[in-house]
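Just so you know, UniProt numbering puts 99 at position 99 of the sequence shown, and the rest follows in order with no gaps.
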Amino acid sequence: MIECINLNSNLDHMENRGYSLHTLIEHQLLRQEITLQELAKQSGINRGVLSAFFSRHRPKSMSIRQLDQIAKALGQAEGWLYDAYVMECFTDGKIHWKQLKTFLIRCVDLKREDLIATILSLLMEKPVHTQDVFLLAETLFAEGKWEASIPFYRFVCDTEIKQHTERLAISQYKWFRARLGMDLKANFEATVQFAPFRNRLDEHHQLDALLQMANVYFTLQQWDEVLQVADEMRALVIVLLQQQRERVRRGLVKRTRLPTERHLVVYYGQSYMLKGNALVWLERYEEAFPFIAQYQDLSWFDELDETGWQEVKRFTLFAEGNRFDLLMLLGHAEKVPDYVDFLDKNMEEWLPGFLSIITAANRFRFDVDEVILHYTKPLEALRQPQVLENHSYYHSSSSLRRYTLLCCQLATYELERGRYHLGMDWLLQGMTYSISTNNRDVMLTCTAYMDTYRHKAGPEHLYAYESLMKEVIEDAKTSHVSLAGYNSW
1 MIECINLNSN LDHMENRGYS LHTLIEHQLL RQEITLQELA KQSGINRGVL SAFFSRHRPK
61 SMSIRQLDQI AKALGQAEGW LYDAYVMECF TDGKIHWKQL KTFLIRCVDL KREDLIATIL
121 SLLMEKPVHT QDVFLLAETL FAEGKWEASI PFYRFVCDTE IKQHTERLAI SQYKWFRARL
181 GMDLKANFEA TVQFAPFRNR LDEHHQLDAL LQMANVYFTL QQWDEVLQVA DEMRALVIVL
241 LQQQRERVRR GLVKRTRLPT ERHLVVYYGQ SYMLKGNALV WLERYEEAFP FIAQYQDLSW
301 FDELDETGWQ EVKRFTLFAE GNRFDLLMLL GHAEKVPDYV DFLDKNMEEW LPGFLSIITA
361 ANRFRFDVDE VILHYTKPLE ALRQPQVLEN HSYYHSSSSL RRYTLLCCQL ATYELERGRY
421 HLGMDWLLQG MTYSISTNNR DVMLTCTAYM DTYRHKAGPE HLYAYESLMK EVIEDAKTSH
481 VSLAGYNSW
């Protein structure tokens, strides 16, 4: 048995914080009446290693793996010794990054955000490790662990002294990318924070950033920003094309594809499509028509590989669908059968197309009952969130926004035709999604319709509505608390 230590009488309920690794392990050994030899056997750690760790003279440190083995042998939870380990990493004033990096990765695996925050806070006093933290963030991001990379990129942004370094711009960009999700308000905040850094990125990151920004602004219906970012994106693509052609003409380099996430043709086509669609939402329909022609046939684009040709075909498809959208919004009810035929052949475009048809039906008062009946199955399928996340070419948040708008439009269509029960179903569905995504505009529209048709609602609809309103109130309380305590950028 190891030497007895002097602990208070509350041993069995001893907390990890504030105690050393030695104290915590010794306590469990005494409590469970386990010798070092037995611990060595149960943990698989060499007896000599354990003895060196418990030595009163120059004790040897333990690896993370060995601490996990000890925790398991003593019947403790994963990460049992981690709080104490953090403190010991910083006690002597010397930081061994390789050791600390291994520990941070383990904390990521166990989702110990609390320990990661503690370590990064302590590292604030050692800005010499900013590059190390940045490289760890890059590794996590490259492995697809985007959410886990956020605190590390934020650390770089908080500690970077020089405000025009590429490292800071990259960190701001990837922090922005990692934060994007279904919450529209959070997406907006992330975009506003990142926007000033977009021009400090290299070209390929800048293109990806502009496309993401445009998608966020589009989802938020901030049309002036969509128009501006779309113009920036197109101008950058044109410059890159000209530079590449000039290098090839002079025989300096062979044609090489930029390391962008998507083929270069995507950014060019999207710049026109986003601008045209923004003009549609601004009801500047005649101005929108010419933009469709700009991405309808991109077969002329330089260096189209198999991926590039697939994108060209998609833009041709989008152009046809968007032309139908414009015809709907201009009141051409006679084109509905042709549009339905097009959507039947291209079901990945069904959601935005069907939304246009219902919106036009409400605006111009034409009957689309048969169309709604025709799409009963896809409508039912879209009630499942995972279907929306995998729907179409579009970002999942865009699909969810479209579905939220569709619920509101279908509610309008049914309520104005006296089909109150069905209309209320769609109205509450739209409210549910608008609340979960922080879509304030749709939420207000749905609330206005509920107030107008409240006398037609059944008891189950009123109960569901009141429950949703309570949720909104609770979320508002939480939001106020968060804003009061957060030092925003």
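Glycine residues also receive a C-beta, built at the ideal position from the N, C-alpha and C atoms. Source: prediction; values computed, not measured.
- [ ] Taking the CB atoms as reference points, tell me whether residue 494 and T260 lie closer together than 7 Å.
- [x] With the chain covering only 1 through 489, there is no way to say anything about residue 494.
- [ ] Tell me whether F364 is buried or exposed, calling it buried when 16 or more other Cβ atoms sit within 10 Å of its Cβ.
- [x] As a first step, residue 364 must be located in the sequence shown, where it is residue number 364. Classification for F364: exposed.
Task: Three-state secondary structure assigned by DSSP to L298 - done: By one-based count along the sequence shown, residue 298 stands at place 298. In the structure shown, L298 sits in coil (DSSP, three-state: anything other than H, G, I, E or B).
Task: Chain-order list of residues whose beta-carbon lies under 8 Å from that of V472 (same chain, five-residue window excluded) - done: Stepping through the sequence shown from its first residue, residue 472 is reached at position 472. Here the set comprises I435 and M443.
- [ ] Please classify D183: does DSSP put it in a helix, a strand, or coil?
- [x] As a working note, residue 183 is residue 183 in the sequence shown. Three-state DSSP puts D183 in coil, outside helix and strand.
- [ ] Would you mind sorting D325 into buried or exposed? The rule is 16 or more other CB atoms within 10 Å of its CB.
- [x] Position 325 of the sequence shown holds residue 325. Answer is buried; the Cβ neighbour count reaches 16.
Task: Coarse secondary structure for S482, derived from DSSP in three states - done: Here residue 482 corresponds to residue number 482 of the sequence shown, with the count starting at 1. Residue placement at S482 is poorly supported in this model, since its pLDDT is 33, which falls under 50; the coordinates still yield a value, given next. DSSP, read as helix, strand or coil, puts S482 in helix.
Task: Reference L104, options K126, Q76, V133 and Q228, closest by Cα - done: What you label residue 104 is simply residue 104 of the sequence shown in a count that begins at 1. For L104, the nearest C-alpha among the options comes from V133.
Task: Pairwise C-alpha distance: K162 and F197 - done: Residue numbering aside, residue 197 sits at position 197 when the sequence shown is read from its first letter. Residue numbering aside, residue 162 sits at position 162 when the sequence shown is read from its first letter. If I take the Cα positions, the gap works out to 13 Å.
Task: Exposure of I238, with buried meaning 16 or more beta-carbon neighbours within 10 Å - done: Along the sequence shown, one-based indexing puts residue 238 at 238. The residue is exposed, with fewer than 16 neighbouring Cβ atoms inside 10 Å.
Open item on the list: Three or more C-beta pairs under 8 Å: does that hold for the stretch 304-324 against the stretch 277-296?
Closed with: Touching, per the Cβ criterion.
Open item on the list: Using a Cβ-Cβ cutoff of less than 6 Å, which residues in the same chain neighbour T307 once the five nearest sequence positions on both sides are dropped?
Closed with: Walking along the sequence shown from the start, residue 307 turns up at place 307. For T307, same chain residues with a beta-carbon under 6 Å away, outside a window of 5 residues either side, are H263 in chain order.
Task: Counted within 10 angstroms of its Cβ, other Cβ atoms place G331 as buried (16 or more) or exposed - done: Here residue 331 is taken as the residue at index 331 of the sequence shown, counted from 1. Exposed.
Open item on the list: According to DSSP, is L264 part of a helix, a strand, or is it coil?
Closed with: Here residue 264 refers to the residue found at position 264 of the sequence shown. In the three-state reduction of the DSSP assignment, L264 falls in the helix class, which pools H, G and I.
- [ ] Would you kindly work out how many angstroms separate the C-alpha atoms of F53 and D68, rounded to a whole number?
- [x] Locating residue 53 in the sequence shown gives position 53, counting from the first residue. Locating residue 68 in the sequence shown gives position 68, counting from the first residue. Going from the Cα of F53 to the Cα of D68 covers about 15 Å.
- [ ] Keeping to the same chain, check which residues put their C-beta closer than 6 Å to that of R106; ignore five residues upstream and five downstream.
- [x] Locating residue 106 in the sequence shown gives position 106, where the first residue counts as 1. Here the set comprises I64.
Task: Within 7 Å, strictly: CB atoms of L24 and A77 - done: Residue mapping note: residue 24 aligns to position 24 of the sequence shown, counting from 1. Residue mapping note: residue 77 aligns to position 77 of the sequence shown, counting from 1. In this structure, L24 lies away from A77, with their beta-carbon atoms at least 7 Å apart.
TODO: Look at L21 and L100 and say whether their C-beta atoms are less than 7 Å apart.
DONE: Start at 1 with the first residue of the sequence shown, and residue 21 comes out as number 21. Start at 1 with the first residue of the sequence shown, and residue 100 comes out as number 100. Not closer than 7 Å, so no.
TODO: Using only alpha-carbon positions, find the residue among Q28, Y339 and I95 that is nearest to G75.
DONE: Position 75 of the sequence shown, counted from the first residue, corresponds to residue 75. G75 has its Cα closest to that of Q28, out of Q28, Y339 and I95.
TODO: Identify which residue in N439, L405, D441 and L252 has its Cα closest to the Cα of W426.
DONE: Residue numbering aside, residue 426 sits at position 426 when the sequence shown is read from its first letter. If you compare the alpha carbons of N439, L405, D441 and L252 with that of W426, the shortest gap goes to L405.
TODO: Determine the contact status of Q172 and F194, defining contact as a CB-CB distance below 7 Å.
DONE: Residue 172 sits at position 172 when you count from the first residue of the sequence shown. Residue 194 sits at position 194 when you count from the first residue of the sequence shown. Taking the C-beta atoms as reference points, F194 is found nearer than 7 Å to Q172.
Task: Alpha carbon of A169 to alpha carbon of F155, nearest angstrom - done: Numbered from 1 along the sequence shown, position 169 holds the residue referred to as residue 169. Numbered from 1 along the sequence shown, position 155 holds the residue referred to as residue 155. Rounded to the nearest whole angstrom, the C-alpha separation of A169 and F155 is 13 Å.
Task: Straight-line Cα distance separating A288 from K313 - done: Translated into positions along the sequence shown, residue 313 becomes position 313. Translated into positions along the sequence shown, residue 288 becomes position 288. Each residue's alpha carbon lies about 21 Å from the other.
Open item on the list: Between the alpha carbons of K470 and K94, how many angstroms are there, rounded?
Closed with: In the sequence shown, residue 470 corresponds to position 470, counting from 1. In the sequence shown, residue 94 corresponds to position 94, counting from 1. Those two C-alpha atoms are separated by around 52 Å.
Task: Three-way DSSP call (helix, strand, coil) for Y420 in this model - done: The sequence position of residue 420 within the sequence shown is 420, counting from 1. DSSP places Y420 in the helix class (H, G or I) of the three-state scheme.
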